[in-house]
Amino acid sequence: MPRIQAIVSRAAAFTRTLLILPAAGMDKKEMLDQDPKGTFKVIGKGSNDKEAKATTIKEALAKWEERSGEKAAEAVEVKLYGQVPPIEKMDASLSTLSNCEKLSLSTNCIEKIANLNGLKKLTILSLGRNNIKNLNGLEAVGETLEELWISYNLIEKLKGIHAMRKLRVLYMSNNLVKDWGMLHFL
1 MPRIQAIVSR AAAFTRTLLI LPAAGMDKKE MLDQDPKGTF KVIGKGSNDK EAKATTIKEA
61 LAKWEERSGE KAAEAVEVKL YGQVPPIEKM DASLSTLSNC EKLSLSTNCI EKIANLNGLK
121 KLTILSLGRN NIKNLNGLEA VGETLEELWI SYNLIEKLKG IHAMRKLRVL YMSNNLVKDW
181 GMLHFL
C-alpha cells in the first residue's frame with residue numbers, strides 16, 4: 001500500500017495538479033520512488049525543498065492577461081482565483097483594474113482586504129476560501145459593491161458591513177461570526 005497521502009485542494013483543481021504530501025516519516029526520495037514518472041507536484045517543506053514565494057497581484061494579472069488575451073486595465077471581469085503559489089496580499093496593482101466590475105480572488109491565502117480604492121466600477125467581489133479575519137478595507141467600494149462572496153474565511157465580526165450601501169447579496173457561510181446583529185445596517 002502506498003505511503004503517499006494525496007490532497008486535492010481547490011487551487012489544484014483549477015490547475016489540474018495533484019498535490020501530495022509525504023506520509024509521516026517519508027522523505028521526498030521515497031515519494032518520488034512511488035511516482036517514477038514525476039506526474040505529481042510535491043508540496044510542503046522538506047530538507048531538499050525550497051519554500052515557494054507567494055504570487056503577487058502583478059504576477060497574477062500578467063498570467064491572466066496572457067491566458068485571456070485581454071488587457072487587465074480594460075477588463076470588466078478578472079479572475080485571479082486559485083493561484084499557485086497563492087496570492088497573500090491585495091497589493092497596489094489592483095488599482096490598475098479601473099474598469100473591473102467583477103473580481104475573483106477566491107482560493108488564495110489573502111489575510112487582509114486592501115487596495116480596492118481604484119476599482120470604482122466594482123459590483124461583485126469574490127474572496128471566498130482565503131484567510132481574511134475582518135471586513136476592513138471594503139469602505140473603498142462601499143458605494144458600488146452589490147455582491148460580496150466571502151465564505152470560508154476567519155471573519156469573527158461584521159464590523160465594516162455598514163459601509164456597503166448597495167450590497168444586496170452576501171455569501172459568508174463558514175466563518176467565525178457569532179453575532180449577526182450588524183446585518184440590520186444593510
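Residues 1 to 186 in UniProt numbering are what the sequence shown lists, from first letter to last. C-beta: ideal position from N, C-alpha, C; glycine also. Here the structure is a predicted model, which is why all the values come from computation and not from measurement.
Specify the secondary structure class of residue i as computed by DSSP and reduced to three states.
{"i": "L148", "result": "strand"}
{"i": "L170", "result": "strand"}
{"i": "K63", "result": "helix"}
{"i": "E139", "result": "helix"}
{"i": "E161", "result": "The question names Glu, but residue 161 is Ile in the sequence shown. In this structure, I161 counts as helix in the three-state DSSP scheme."}
{"i": "A114", "result": "coil"}
{"i": "L176", "result": "coil"}
{"i": "A92", "result": "helix"}
Would you list the residues sitting across from residue i in a DSSP beta bridge?
{"i": "T55", "result": "I87"}
{"i": "V78", "result": "L103"}
{"i": "I124", "result": "K102 and E147"}
Give me, in chain order, the residues of the same chain whose beta-carbon lies closer than 6 Å to that of residue i; leave out the 5 immediate sequence neighbours on both sides.
{"i": "K58", "result": "S93"}
{"i": "L170", "result": "L148"}
If residue i sits next to residue j, beta carbons under 8 Å apart, how far is it from one beta carbon to the other, in whole angstroms?
{"i": "L183", "j": "I155", "result": "Contact doesn't hold; Cβ gap of about 13 Å is too wide."}
{"i": "M90", "j": "A114", "result": "5 Å"}
{"i": "K120", "j": "T144", "result": "7 Å"}
{"i": "W64", "j": "K53", "result": "Between K53 and W64 the Cβ distance is about 19 Å, and since that is not below 8 Å, they are no contact."}
{"i": "E101", "j": "L127", "result": "Going by Cβ atoms, the distance from E101 to L127 rounds to 16 Å, so no, they are not a contact pair."}
Once the 5 residues before and after residue i are set aside, which same chain residues still bring their CB inside 7 Å of it?
{"i": "E74", "result": "N99"}
In its own chain, which residues sit with a C-beta less than 8 Å from the C-beta of residue i, not counting the 5 before and 5 after it?
{"i": "R67", "result": "none"}
{"i": "L176", "result": "L154, I155 and E156"}
{"i": "A129", "result": "According to the sequence provided, residue 129 is Arg. The question's Ala does not apply to it. These residues qualify, in order along the chain: R10, S106, T107, N108, S151, Y152 and N153."}
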